[in-house]
Amino acid sequence: MLSFSLLSLFSPLLPTGSFTWSQGLEKAVEDGIVTDADSLRGWVQDAAERGLAFTELPLLIRMNEALSRGDDAAFLHLVSLNMAVRATAELRLEEYEKGRALYSILPSLGVDTSLFPASGQPWKNSGYLPLLSLAAVRLGIDLHDLLRGFVFAYVETMVMAGAKTIPLGQSAAWREITAILADIGPCIEGAYSVPEDEIGAGLVSFAIESAKHETMYSRIYRN
36 MLSFSLLSLF
46 SPLLPTGSFT
56 WSQGLEKAVE
66 DGIVTDADSL
76 RGWVQDAAER
86 GLAFTELPLL
96 IRMNEALSRG
106 DDAAFLHLVS
116 LNMAVRATAE
126 LRLEEYEKGR
136 ALYSILPSLG
146 VDTSLFPASG
156 QPWKNSGYLP
166 LLSLAAVRLG
176 IDLHDLLRGF
186 VFAYVETMVM
196 AGAKTIPLGQ
206 SAAWREITAI
216 LADIGPCIEG
226 AYSVPEDEIG
236 AGLVSFAIES
246 AKHETMYSRI
256 YRN
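Residue 258 is where the sequence shown ends in our numbering, and the numbering goes up by one at each step.
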């Protein structure tokens with residue numbers, strides 16, 4: 036069962052402000068790539084199946100395992116890898132800013148920041164995934180629940196970003212979220228078997244739209 040602690044970490048509103056990021060989707064709408072419910076579903080589903088399943092999910096799995104066995108060196112290696120696989124400046128900024136926001140509220144969730152491995156490491160600058168992994172381990176959140184919660188929050192955030200930008204109604208957005216999540220199980224299961232040297236999203240169009248968003252003249256989202 037998903038815990039309230041887990042749900043509080045994934046809220047698109049607080050503390051991380053995920054709702055302010057579209058990961059290039061806003062630009063994809065402007066460029067006519069995403070124009071309706073069907074193309075939005077395709078965009079978000081591709082992002083999950085070819086992005087999350089090969090980047091965020093295997094990183095979360097490995098970070099959780101490293102922390103659980105007390106392997107600080109392996110964990111810090113994954114912290115570096117997490118930033119290295121971000122394809123654009125805005126994607127790196129998103130990871131950085133969401134991490135800083137999460138770091139600021141960890142003590143209020145009962146996560147003692149003095150217990151972080153490798154004392155002296157600037158944790159508030161380490162990114163969202165490492166801090167999320169650390170919080171999950173300290174709070175005793177099951178790894179599979181962590182992955183499912185992460186995927187749900189990502190899909191909901193991206194669909195709502197698309198729904199506001201296209202625009203789509205709330206009912207249509209809800210239908211797309213449920214349709215995408217109905218097919219998402221294999222993404223989570225497959226992430227457990229992704230080798231470390233294959234971690235990284237194979238989404239060229241996704242990266243291009245994110246990079247183009249950096250110079251988008253009029254925009255709502257930070258990415």
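Ideal Cβ placement from N, Cα and C applies to all residues, glycine included.
Taking the straight line between their C-alpha atoms, what separation do you get for residue i and residue j?
| i | j | result |
| --- | --- | --- |
| residue 104 | residue 144 | 22 Å |
| residue 97 | residue 229 | 10 Å |
| residue 9 | residue 113 | The chain is shown only over 36 to 258; residue 9 falls outside these bounds and no answer can be derived. |
| residue 53 | residue 172 | 22 Å |
| residue 208 | residue 142 | 35 Å |
| residue 210 | residue 183 | 19 Å |
| residue 204 | residue 84 | 25 Å |
| residue 268 | residue 88 | Since the first residue shown for the chain is 36 and the last is 258, residue 268 is missing from the structure and cannot be characterised. |
| residue 80 | residue 107 | 34 Å |
| residue 133 | residue 175 | 21 Å |
| residue 55 | residue 257 | 6 Å |
| residue 197 | residue 110 | 34 Å |
| residue 232 | residue 93 | 11 Å |
Report, in whole angstroms, the separation of the C-beta atoms of residue i and residue j, which I expect to be a contact under 8 Å.
| i | j | result |
| --- | --- | --- |
| residue 165 | residue 117 | 6 Å |
| residue 251 | residue 65 | 7 Å |
| residue 201 | residue 70 | 7 Å |
In the structure shown, what three-state DSSP assignment does residue i receive?
| i | result |
| --- | --- |
| residue 64 | helix |
| residue 78 | helix |
| residue 231 | helix |
| residue 246 | helix |
| residue 237 | coil |
| residue 122 | coil |
| residue 206 | helix |
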